[in-house]
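Below is one structure, written out as structure tokens, with a few remarks after it.
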Amino acid sequence: MRIQATGIMLLITCGYLWFLMGIAWAPSNKIYQQALVVLLWLPGLLAMVIFRKHLLGIWRKSRLFCSCLVLFLAWAALSAVWTGAEEPSRELKRVLYVVLFLVSLALLGAEQPRRIWQGLSVGFVGLAFACFVSIYLFYIRDLQPISVRLEGVGQLGHPILGAYVMALVVIWGARFKPSRVWPCIIWGVLMLFALAFVLLGQSRGAILALIVGVFSLLLLRGGRAVWLGSAAIMLVCWVGYELFAPLILARGLSYRPEIFQASLDMFLQNPLLGLGIGTDYRVVTFNYPEGFDHTHNSFTHAAVELGLPGVALWIGLWLSAFHIAWRHRFSAEGRLVFGTLVVSLVALQFDAASLWGTPRAEWFVIWFPLALTLALVAQPHSDKLRHVCIEAS
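Going by the UniProt record's numbering, the first residue of the sequence shown is number 1, and it counts up by one from there.
Structure representation (structure tokens):
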């Protein structure tokens with residue numbers, strides 16, 4: 001039995017790393033999804049049976065967070081009864097994917113916690129190198145003008161969502177600074193490429209998410225770092241605005257206020273149950289009659305799709321996740337989770353609204369932060385990493 005458990009954890013570890021790096025390096029989305037089935041969904045299903053006692057222990061450690069999570073997923077599944085989706089069974093399958101993803105990483109955090117956090121350092125290297133490859137292919141090989149939004153390799157081809165993923169990569173990289181000279185130089189180069197990817201994606205939301213995420217980590221660190229870091233951030237923002245003001249202001253507010261108001265109107269039309277999981281809808285505004293296929297905000301999307309119970313549970317889930325990360329703010333893992341949550345929360349306000357799609361870049365800012373929170377809860381106290389910082393030698 002122990003050998004079986006070890007093998008399952010090894011498969012889940014491989015699936016975890018594939019989730020992180022396959023988003024950039026998988027030859028196609030189909031291969032990315034199929035590998036996740038083999039390396040994460042199926043082992044996760046077996047792990048739920050073998051390590052079922054761990055799941056009860058995780059719930060006991062954080063009843064509020066786990067209760068909000070279970071109730072939210074259950075309500076989403078129940079909404080398949082009244083959904084307008086063409087195939088309600090497909091929507092239920094997507095909820096199952098989310099459950100298996102969260103459970104797999106929670107159990108990995110309980111059994112092999114170091115693999116969770118060290119996996120982020122591996123993900124940082126793999127994804128930051130993908131930034132270099134993306135920049136080379138897009139601007140040098142394909143001779144695209146620098147004013148054109150960068151499209152990344154693999155499944156990072158969407159400029160906005162790819163930029164959010166790389167904003168997270170910068171946050172992770174900041175927590176894994178090596179101590180030796182040459183590794184530190186390589187780390188610095190990788191950080192620069194990840195930063196360049198975020199900027200070249202020209203997503204104001206991703207840039208704002210990165211700024212807020214870095215500032216939150218500075219606040220957790222305290223001392224003079226807060227003032228020096230804040231001054232540096234303000235200086236960089238001012239210089240960036242002076243240099244690129246026309247580009248920053250060209251798209252205005254991108255219809256966001258009008259979309260938000262129209263989304264609230266849609267929610268009020270069916271406030272209790274919502275439209276149901278997976279229902280196609282259009283957010284039509286007076287200045288864009290063609291409409292948008294989602295609300296560009298995760299919370300209003302949850303309100304439209306799942307009604308008041310759904311959005312209340314979704315808000316409670318994120319508040320509870322922040323509370324857990326805040327309680328662990330003096331540990332390296334807690335700071336990693338806190339920074340990830342901050343960047344993701346900003347992303348949820350502007351762009352990442354599709355909760356139930358198959359694993360893709362959006363999962364990095366929707367479900368992955370919650371999975372890391374579960375892993376933080378599940379981690380045995382005896383396996384805590386060092387306080388203050390994590391060093392990658």
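Yeah, the Cβ is synthetic: ideal placement off N, Cα and C, and Gly gets one too.
Using a C-beta cut-off of 8 Å, the region 77 to 85 makes contact with the region 267 to 279, since at least three inter-stretch Cβ pairs fall below that distance. The region 154 to 164 makes contact with the region 191 to 208, as at least three CB pairs between them are under 8 Å. Positions of the beta strand (DSSP E) runs, each at least 3 residues long and wholly inside the UniProt domain "O-antigen ligase-related" (190 to 315), are given as 283 to 285 and 288 to 292 in order along the chain.
Straight-line spacing of the CA atoms in residue 303 and residue 180 works out to 49 Å. Per DSSP, residue 179 has no beta-bridge partner at all.
For residue 331, the three-state secondary structure derived from DSSP is strand.
By the CB criterion at 9 Å, residue 172 and residue 138 fall outside the cutoff.
About 17 Å separates the Cβ atoms of residue 299 and residue 258, ruling out a contact at the 8 Å cut-off.
Cβ atoms of residue 164 and residue 364 come within 8 Å of each other, at about 7 Å. Between residue 321 and residue 341 the beta-carbon gap is near 6 Å, inside 8 Å, which marks them as a contact. Here the C-alpha atom of residue 291 lies approximately 33 Å from the C-alpha atom of residue 237.
Going by beta carbons, residue 271 and residue 220 fall outside the 9 Å limit. With respect to the 9 Å criterion, residue 6 and residue 115 are not classified as neighbours on the basis of their beta carbons.
The shortest CA-to-CA distance from residue 168 to any of 26, 66 and 211 is the one to 211.
When 37, 52, 27 and 247 are compared, the shortest CA-CA separation from residue 378 is found for 52.
No Cβ-Cβ contact shorter than 9 Å links residue 24 with residue 189. Taking the Cβ atoms as the reference, residue 375 lies roughly 3 Å from residue 109, within the contact range of under 8 Å.
In the DSSP annotation of this structure, the continuous segment of the alpha helix (DSSP H) that includes residue 129 starts and ends at 113 to 135. Burial is judged here by how many other beta carbons sit within 10 angstroms of a residue's own beta carbon; residue 330 has fewer than 16 and is exposed.
Between residue 244 and the set 223, 199, 72 and 44, the nearest pair of CA atoms involves 199. In the structure shown, residue 146 adopts coil according to DSSP, grouped into three states.
Look at residue 157 here: in three-state DSSP terms it is coil, with no helix or strand label.
Judged by DSSP in its simplified three-state form, residue 358 adopts coil rather than helix or strand. Spanning the alpha carbons of residue 343 and residue 57 requires a straight line of approximately 29 Å.
Annotation for residue 140: no alpha helix (DSSP H) segment contains it, and DSSP assigns it neither H nor E. In the three-state scheme derived from DSSP, where H, G and I count as helix and E and B as strand, residue 51 is classed as coil.
Remark: fewer than three beta-carbon pairs, one from each stretch, lie closer than 8 Å, so the region 58 to 76 and the region 28 to 39 are not flagged as touching. In this chain, the alpha helix (DSSP H) harbouring residue 378 covers 368 to 378.
In the displayed model, residue 28 falls within coil according to three-state DSSP, outside both helix and strand. The straight-line gap separating the alpha-carbon atoms of residue 85 and residue 91 is approximately 8 Å.
DSSP places residue 85 in the coil class of the three-state scheme, outside both helix and strand. The beta carbon of residue 260 sits closer than 7 Å to the beta carbons of 297 and 300 from its chain, once the five residues preceding and following it are set aside; these are given in chain order. Here DSSP, grouped into helix, strand and coil, assigns residue 152 to coil. The DSSP-derived three-state label of residue 79 is helix.
A distance below 6 Å between beta-carbons, with the five flanking residues on each side excluded, links residue 16 to the following residues of its chain, in chain order: 119. In this model, residue 345 and residue 103 are separated by some 21 Å (Cα to Cα).
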